[in-house]
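Asks: Got a structure here, written out as C-alpha cells. Questions coming.
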Amino acid sequence: MNYALELDRISCEFLSNSNQYEIYTAVGDTTLNVSQGEFVSVVGPTGCGKSTLLNVAAGLLKPSKGQVRVFGQPLNGLNTRAGYMFQAESLLPWRTALQNVMLGLEYHDISQKSAHELAMDWLTRVGLNRFANHYIHQLSGGMRKRVSLAQTLVLDPDIILMDEPLSALDIQTRQLMENEILDIWSKQKKAVLFITHDLDEAIAMSDRVVVLSAGPATHPIGDFVIDLQRPRNVAEIRHDPSYIHLHEQIWTVLRDEVLKGYRQQLSPTGETVP
Amino acid sequence: MSEHRNKQTSLVPTRKNMLRVWQLLLGLAFIALWSLVAQNEQWAFFLGQPQAVLIRVIEWFVPVTFAPNEWISTGLHGTGEIYVHLGVTLLETVLAFLIGTSLGLGAGLWLALSPMTSELLNPYIKGLNSMPRVILAPIFCLWFGLGIWSKVALAVTLVFFVVFFNVYQGVKEVNPVILANAKMLGANSSKLLKTVYLPSATSWVFSSLHSSVGLAFVGAVVGEYLGSARGVGYLILQAEGTFDVNTVFAGIVVLTICALILDAVVGKVEKRLMRWQQPSSTNNSL
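First to last, the sequence lines map onto chains Y and C.
Using the numbering used here, you'd call the opening residue of the first sequence number 1 and step up by one each time.
Using the numbering used here, you'd call the opening residue of the second sequence number 1001 and step up by one each time.
This is the structure we're talking about:
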C-alpha cells in the first residue's frame, strides 16, 4: 500500500511540569497511516495529545521513539511536503490578506508577479478576493480561517495537516467552512490528517475516523471506516441513518475515554481515579 | 427643517466642547494668578512675570526692535537668535533619536535571537541601565568636545535602552504559532528575520517611539545645560547665570512647545506606519 504519511510506533516523552525528574509520556506507541487522497480524522478527549501527534507528523517535534515516513522516506527535520493549518491565529497582522497568502510563495522564491497571481487565485477560491487588501484585524474569524486555508493550500502541499482549524468558529460558519474544505479537497485529492474533538465533524468529513485513548500514553483504540457517499453536505448528512449508526458505534468507544480524561483533569496529581 | 436641525446640533455644547472651554479657563486662571503674584517685586524675582516671559519669547522669534511705548513699557529688542539654538537642539534630538533607535533595534534583535550572548551580557546590561546615565555627560564632553556630538551621545544612551528593552521583549514574545506557521510555509532563518522578527520588533519600536523621542529631547537639552556654546539649554544656562528668571521660563515654554510638536509628529508617523494595527479605544482621556 502506498502511504502518504506513516507514523510508525511513535512515542513522545516530556519532562513533567510538576516534577522535573518525572517523565510524562504524552503519546505511547502509536501507529497511524494516511493513504494518498485519504481524509483521516483523529478524535480524542481534550488534552490527550492529539496536537502532539500532529506536530510529530509536521516535523516540528521529534518523537522520542519511532519513525515518521513521508511517501516512504524517513522524515528528518521539517516535513516539507506538508501544509499545516493551526488551531490558533497564525497570520501576520502587519500583512494584508493577499500578502499573507503570498508569504509561503515568497519563502519559496517565486517571482512577485506569479506569486501575486497564484495568491489572488486562491483568495478567489475561498471567496475573499474583495478583501485582498484588508489587514487581518479587519477580517472576521471565519475570513481569517479562509485566509489561513488559502495560505496553506497555495503551496500545493501533498499532505494537509489540520489541528482543530474550525474550533473557534460559530456553528453556522463552521458548517460552511467544512463544506468548503471538502469541496476543495474533492478537487485535488490530497492526504489529510484532521484533528478534532468534535465527533460530528469527524464523521461528516472523513474517510476514516481514528479514536485516541485518554492520556497519558495516548494511543489509537478504534479505527472506523466511514463509507458514506460523497459529495457530502455536512449539515444534511447528520440525518442519514448510516451516519447515526456510525456515530453510535464510535461514541461508545469514545465516551469512556472522554470520562476518563475528564476525571484526570479534576484530580490534581494527574493520575486516573478509579 | 433639516438645515435648522443641523445648525442646532453643532451649536449644542457637547461634552467635549465644554471640556475644551474648561481647559482654556483653567490655563487663563493660572496665568492670571501668576501675573497677580508677580506684582510683588520680590516674588517676581523668583517666579518671573508672564508678560516678560511672553516678550522674551517674541524677541527670540521676531527680529523687530522698537522703543518703550504705552503698551510695552520695556520696549522690544527682537534678535531672532532662537532659530540657531533651536536648530542645534532639534538636530541633536533627531540625530540621537535615529542613532539610538537603530542601535537599540539592532542590539535588541541580536540579543533576543542569540540566547547565549544575552545571558553573557545580562548583568552588564542591567548595570548600564540602572546607572544614572546623565552622569556620563562630563565624560562625553571630554571625549567629543563641546559641540553637538557630546549631546547626541548622552541622548543616545537614554534612547538606546528604551528601544532595546522594548525590542528584546517584543522579539522574545513573538507568537510561537506564527513562528511555527512561517517555518511550515518554508521560511529559512534569514527570511524568518525579514518577514517575522523585524516587523514584529518594529512594531515594538513604534510603541516606544513617544517616550524615546521625549528622552532624546531631554538628553539634548541636559547635555547643553551641562556645557555647550549653542542650543536652547545653553540659553537657559546663560540666563540662569544672570538671575534672569524670565528668560529661563521663556526657554522652558519654547522647549515644552517643541516637545509637544515633536510628539504630534510622532503620532502622525505612527498612525501612518501602523495602519495594520487594530485601533484601540480612544475614549479613555485621562
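No residue lacks a Cβ here, since even glycine has one placed at the ideal position from N, Cα and C.
(1) Is Ser11 of chain Y helix, strand or coil when you go by DSSP?
(2) Drop a sphere of 10 angstroms on the beta-carbon of Leu1105 of chain C, count the other beta-carbons inside from all chains shown, and report buried for 16 or more, exposed for fewer.
(3) By the 10 Å Cβ neighbour count, where 16 or more other Cβ atoms means buried, how is Asn76 of chain Y classified, buried or exposed?
(4) Find the residues of chain C that neighbour Gly104 of chain Y, judging by a C-beta separation of less than 8 Å, and give them in chain order.
(5) Closer than 6 Å by C-beta to Thr1093 of chain C: which residues in its own chain qualify, once you throw out the five before and the five after it? Chain order, please.
(6) Can you check whether the C-beta of Trp122 of chain Y is within less than 8 Å of a C-beta belonging to chain C?
(7) State the DSSP-derived secondary structure class of Thr25 of chain Y, mapped to helix, strand or coil.
(8) Let me check one thing: in DSSP terms, what residues is Gln73 of chain Y bridge-paired to?
(9) Among residues of its own chain, excluding the 5 on either side of Tyr243 of chain Y, which ones have a beta-carbon nearer than 7 Å to its beta-carbon?
(10) Does the segment 1165-1175 of chain C come into contact with the segment 1203-1213 of chain C, if we say contact requires no fewer than three beta-carbon pairs (one atom in each stretch) closer than 8 Å?
(11) If you follow the beta strand (DSSP E) that Phe191 of chain Y is part of, which residue opens it and which one closes it?
(12) For Val253 of chain Y, collect the residues of the same chain with a Cβ closer than 8 Å to its Cβ; drop the 5 residues on either side in sequence, then sort them by chain order.
(13) Can you tell me whether Tyr262 of chain Y is helix, strand or coil according to DSSP?
(14) Run through DSSP, which three-state label would Pro220 of chain Y get?
(15) What do you reckon, are the CB atoms on Ala1067 of chain C and Gly1075 of chain C nearer than 8 Å?
(16) Does Phe71 of chain Y come within less than 8 Å of chain C when only Cβ atoms are used?
(17) Please report whether the beta-carbon of Arg1020 of chain C lies at a distance below 8 Å from any beta-carbon of chain Y.
(18) Counting only Cβ-Cβ distances shorter than 9 Å, please list the residues of the segment 89-103 of chain Y near chain C, keeping chain order.
(19) Quick one: is Tyr1197 of chain C buried, meaning 16 or more other Cβ sit within 10 Å of its Cβ, or exposed?
(20) Any idea if Ser186 of chain Y is buried or exposed, counting beta-carbon neighbours within 10 angstroms, 16 or more meaning buried?
(21) Ordered along the chain, which non-local residues of its own chain (more than five positions away) have a Cβ less than 6 Å from that of Ser1281 of chain C?
(22) If you follow the alpha helix (DSSP H) that Leu1179 of chain C is in, where does it begin and where does it stop?
(23) Just the C-alpha distance for Asp163 of chain Y and Val1222 of chain C, rounded to the nearest angstrom, thanks.
(24) Tell me Phe39 of chain Y's beta-bridge partners as DSSP assigns them.
(25) Leaving out five residues before and five after Gln175 of chain Y in sequence, what residues of the same chain have Cβ atoms less than 8 Å from its Cβ?
(26) So what does DSSP say about Gly83 of chain Y, is it helix, strand or coil?
(27) By the 8 Å beta-carbon criterion, what residues does the segment 1169-1181 of chain C contribute toward chain Y?
(28) Determine which residues share a DSSP beta bridge with Thr30 of chain Y and list them.
(29) According to DSSP, simplified to helix, strand and coil, what is His1077 of chain C?
(30) I'd like to confirm the pairing. Which residues does DSSP put opposite Phe1066 of chain C in its beta bridges?
(31) Could you check whether Leu1136 of chain C and Leu1121 of chain C sit closer than 8 Å to each other, using their CB atoms as the reference points?
(32) Is Trp1204 of chain C close to chain Y, meaning its C-beta is less than 8 Å from at least one C-beta of that chain?
(33) Report, in whole angstroms, the separation of the C-beta atoms of Ser1150 of chain C and Phe1140 of chain C, which I expect to be a contact under 8 Å.
(34) Using alpha carbons as the reference points, say which of Y:Pro157, Y:His116, Y:His239 and Y:Leu61 lies closest to Phe71 of chain Y.
(35) In the DSSP assignment, what residue or residues form a beta bridge with Leu5 of chain Y?
(36) When burial is assigned at 16 or more other CB atoms within 10 Å of the CB, is Phe131 of chain Y buried or exposed?
Replies: Well, looking at it:
(1) When secondary structure is reduced to three states using DSSP, Ser11 of chain Y falls in the strand class.
(2) Buried, by the Cβ-count rule.
(3) By the 10 Å Cβ count, Asn76 of chain Y comes out exposed.
(4) Correct list: Leu1185 and Gly1186.
(5) Correct list, in chain order: Ala1216, Phe1217 and Ala1220.
(6) No, no contact with chain C.
(7) Correct three-state label for Thr25 of chain Y: strand.
(8) Answer is Y:Val70.
(9) If we look at Tyr243 of chain Y and ignore the five residues flanking it on each side, its Cβ neighbours are Ile203, Leu228 and Ile237.
(10) The answer is yes - the segment 1203-1213 of chain C touches the segment 1165-1175 of chain C, with three or more Cβ pairs under 8 Å.
(11) First, the residue type needs correcting, since residue 191 of chain Y is Ala and not Phe in the sequence shown. Ala191 to Ile195 is the span of the beta strand (DSSP E), which, as asked, contains Ala191 of chain Y.
(12) Only Val211, Ile221 and Gly222 meet the Cβ criterion.
(13) Correct three-state label for Tyr262 of chain Y: helix.
(14) DSSP places Pro220 of chain Y in strand when its eight states are reduced to three.
(15) Going by beta carbons, Ala1067 of chain C and Gly1075 of chain C fall inside the 8 Å limit.
(16) Output row for Phe71 of chain Y: interface = no.
(17) For Arg1020 of chain C, the answer is no, since every Cβ of chain Y falls outside 8 Å of its Cβ.
(18) Contact annotation: in the segment 89-103 of chain Y, residues whose CB is within less than 9 Å of a CB in chain C are Glu89, Ser90, Leu91, Leu92, Pro93, Trp94, Arg95, Thr96 and Leu103.
(19) Label assigned to Tyr1197 of chain C: buried.
(20) By the 16-neighbour rule on beta-carbons within 10 angstroms, Ser186 of chain Y is exposed.
(21) In this prediction, Ser1281 of chain C scores a pLDDT of 45, lower than 50, which makes its location untrustworthy; the coordinate-derived value is nonetheless stated afterwards. Correct list: empty, nothing qualifies.
(22) Segment Pro1176 to Met1184, the alpha helix (DSSP H) holding Leu1179 of chain C.
(23) For Asp163 of chain Y and Val1222 of chain C, the distance between alpha carbons rounds to 56 Å.
(24) Paired residues: Y:Val192.
(25) Hits under 8 Å: Val234 and Ala235.
(26) Three-state DSSP puts Gly83 of chain Y in a strand.
(27) Against chain Y - using a Cβ distance shorter than 8 Å - the residues of the segment 1169-1181 of chain C are Asn1175, Val1177, Ile1178, Ala1180 and Asn1181.
(28) According to DSSP, which records beta bridges pairwise, Thr30 of chain Y is partnered with Y:Ile10.
(29) Shown here, His1077 of chain C sits in a strand according to DSSP, grouped into three states.
(30) DSSP output for Phe1066 of chain C lists C:Leu1076 as bridge partner(s).
(31) Taking the C-beta atoms as reference points, Leu1136 of chain C is found no nearer than 8 Å to Leu1121 of chain C.
(32) For Trp1204 of chain C, not one C-beta of chain Y is nearer than 8 Å to its own C-beta.
(33) The C-beta distance from Ser1150 of chain C to Phe1140 of chain C rounds to 4 Å, short enough to fall under 8 Å.
(34) Nearest Cα to Phe71 of chain Y within the set Y:Pro157, Y:His116, Y:His239 and Y:Leu61: Y:Pro157.
(35) Y:Val34 and Y:Val70.
(36) Under this definition Phe131 of chain Y is a buried residue.
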